[in-house]
Amino acid sequence: MPPSLAHVHTVLSLSFKRTSDLAQFTGITHSVVADFFVKSTGLADLYDSTLSRLPFFESSRLLPRTLALNCLTTHYAPLWAELFDPAFTAEVWAQPDNPRLPQDFFRDLTPDWQRHCALRSDYARRMALVEIDVLVAQELGLTLAELQLIYRVQFPVMRQYERDTWYDQNGRIVFTNSKGLVGVGLPRKRGKKDPEITLTLPNGLGKIPRPIQGWEELRQLQESGDLPDGSVVTTTVTDDTLPGGPRKVERRYTAPFALANREEDYKIAWAFFEARRTATPETSTVNPS
Numbered sequence: 067m068p069p070s071l072a073h074v075h076t077v078l079s080l081s082f083k084r085t086s087d088l089a090q091f092t093g094i095t096h097s098v099v100a101d102f103f104v105k106s107t108g109l110a111d112l113y114d115s116t117l118s119r120l121p122f123f124e125s126s127r128l129l130p131r132t133l134a135l136n137c138l139t140t141h142y143a144p145l146w147a148e149l150f151d152p153a154f155t156a157e158v159w160a161q162p163d164n165p166r167l168p169q170d171f172f173r174d175l176t177p178d179w180q181r182h183c184a185l186r187s188d189y190a191r192r193m194a195l196v197e198i199d200v201l202v203a204q205e206l207g208l209t210l211a212e213l214q215l216i217y218r219v220q221f222p223v224m225r226q227y228e229r230d231t232w233y234d235q236n237g238r239i240v241f242t243n244s245k246g247l248v249g250v251g252l253p254r255k256r257g258k259k260d261p262e263i264t265l266t267l268p269n270g271l272g273k274i275p276r277p278i279q280g281w282e283e284l285r286q287l288q289e290s291g292d293l294p295d296g297s298v299v300t301t302t303v304t305d306d307t308l309p310g311g312p313r314k315v316e317r318r319y320t321a322p323f324a325l326a327n328r329e330e331d332y333k334i335a336w337a338f339f340e341a342r343r344t345a346t347p348e349t350s351t352v353n354p355s
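Numbering of the sequence shown is given in this note's numbering, commencing with residue 67 and proceeding in unit increments.
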């Protein structure tokens, strides 16, 4: 939370003597491991008596991912500048060949906060959280099977959403059944009041001469092989998230569209970070209290 902000008691805030501890603890709490611990207490409220029982450690690989997820605006520039480490630029994704990830993201990080220092796409932000899950689990001595079991057993709603959340080639969510992301992506089936959805084929083949009737039609076109890679889906939505009031913005989604598998991503990230830990041990200190 940037300086000069306040809140009522329905929100609990913690302060830290060291800003680096704040960022490290934030990263730990982003993980499903910490979420599972809090769930396992059975408590209805989350107060410092519970949070103080969470393990704490410092991880040089956790920090850049945490900051990139949270430092979204200029309000976080001082925090970024204080905690930036040139070693951030040596970090890489656990999936270096995944075309939906900005592979040059870490390399291009700068000591002074710029807009590109924040993770912006849905897919990249999800992958950063996946990698945080793995890093936290490894630091705390869990096994890959235990991390996957925590996810499988304790987060059934999250698994349900992941089974039907689709990403375009640029990492944008083109469709999701998540009830927490209403208005994100295309509707399953376009209603009478929904804006038109146009489909433009690649290589100058032009537009489909009629509006697309929603995500289900697009999915059927892709499954039948009638949606060439590079096809662009366009629609116009009302955006009321910025100062100045509602405005019309264009949303573009580029085929092919794909699902993501968290358990498989855990497996890949686990092997990747295990190999890096052996080759170049990171700086980390675990304090289980």
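Just so you know, even glycine gets a beta-carbon here, dropped at the ideal spot from N, CA and C.
Quantities reported herein were computed from a predicted structural model and do not represent experimental measurements.
Cα-Cα separation, residue i to residue j
{"i": "residue 213", "j": "residue 235", "result": "28 Å"}
{"i": "residue 331", "j": "residue 196", "result": "7 Å"}
{"i": "residue 339", "j": "residue 160", "result": "7 Å"}
{"i": "residue 216", "j": "residue 341", "result": "23 Å"}
{"i": "residue 124", "j": "residue 85", "result": "12 Å"}
{"i": "residue 118", "j": "residue 96", "result": "16 Å"}
{"i": "residue 283", "j": "residue 136", "result": "36 Å"}
{"i": "residue 89", "j": "residue 133", "result": "7 Å"}
{"i": "residue 206", "j": "residue 228", "result": "26 Å"}
{"i": "residue 68", "j": "residue 75", "result": "18 Å"}
{"i": "residue 98", "j": "residue 77", "result": "21 Å"}
{"i": "residue 237", "j": "residue 107", "result": "35 Å"}
{"i": "residue 290", "j": "residue 111", "result": "49 Å"}
{"i": "residue 310", "j": "residue 337", "result": "47 Å"}
{"i": "residue 145", "j": "residue 122", "result": "20 Å"}
{"i": "residue 355", "j": "residue 104", "result": "Residue confidence is low: residue 355 scores 43 on pLDDT, short of 50, so the model does not pin down where it sits. Its coordinate-derived value is still stated next. Rounded to whole angstroms, residue 355 to residue 104 spans 15 Å at the Cα level."}
{"i": "residue 128", "j": "residue 87", "result": "12 Å"}
{"i": "residue 71", "j": "residue 306", "result": "22 Å"}
{"i": "residue 182", "j": "residue 109", "result": "39 Å"}
{"i": "residue 276", "j": "residue 287", "result": "14 Å"}
{"i": "residue 361", "j": "residue 308", "result": "In the structure as shown, the chain begins at 67 and stops at 355. Residue 361 is therefore absent and cannot be evaluated."}
{"i": "residue 143", "j": "residue 180", "result": "8 Å"}
For residue i, three-class secondary structure by DSSP
{"i": "residue 203", "result": "helix"}
{"i": "residue 341", "result": "helix"}
{"i": "residue 198", "result": "helix"}
{"i": "residue 273", "result": "strand"}
{"i": "residue 239", "result": "strand"}
{"i": "residue 159", "result": "coil"}
{"i": "residue 71", "result": "coil"}
{"i": "residue 258", "result": "coil"}
{"i": "residue 189", "result": "helix"}
{"i": "residue 285", "result": "helix"}
{"i": "residue 151", "result": "coil"}
{"i": "residue 98", "result": "helix"}
{"i": "residue 83", "result": "coil"}
{"i": "residue 336", "result": "helix"}
{"i": "residue 172", "result": "coil"}
{"i": "residue 183", "result": "helix"}
{"i": "residue 105", "result": "helix"}
{"i": "residue 290", "result": "coil"}
Distance CB(residue i)-CB(residue j) smaller than 7 Å
{"i": "residue 302", "j": "residue 312", "result": "no"}
{"i": "residue 173", "j": "residue 189", "result": "no"}
{"i": "residue 175", "j": "residue 154", "result": "yes"}
{"i": "residue 274", "j": "residue 202", "result": "no"}
{"i": "residue 255", "j": "residue 280", "result": "yes"}
{"i": "residue 322", "j": "residue 292", "result": "no"}
{"i": "residue 298", "j": "residue 317", "result": "no"}
{"i": "residue 263", "j": "residue 251", "result": "no"}
{"i": "residue 130", "j": "residue 148", "result": "no"}
{"i": "residue 100", "j": "residue 120", "result": "yes"}
{"i": "residue 38", "j": "residue 150", "result": "An answer regarding residue 38 cannot be provided, because it is not within the stretch 67 to 355 covered by the chain."}
{"i": "residue 278", "j": "residue 265", "result": "yes"}
One or two residues paired with residue i in a DSSP bridge
{"i": "residue 305", "result": "313"}
{"i": "residue 211", "result": "The partner list for residue 211 (beta bridge, DSSP) is empty, contrary to what the question assumes."}
{"i": "residue 299", "result": "265, 319"}
{"i": "residue 324", "result": "233"}
heavy atom of the ligand ATP below 6 Å from residue i C-beta
{"i": "residue 178", "result": "Absence of the ligand ATP is noted for the structure shown, with no ligands found whatsoever."}
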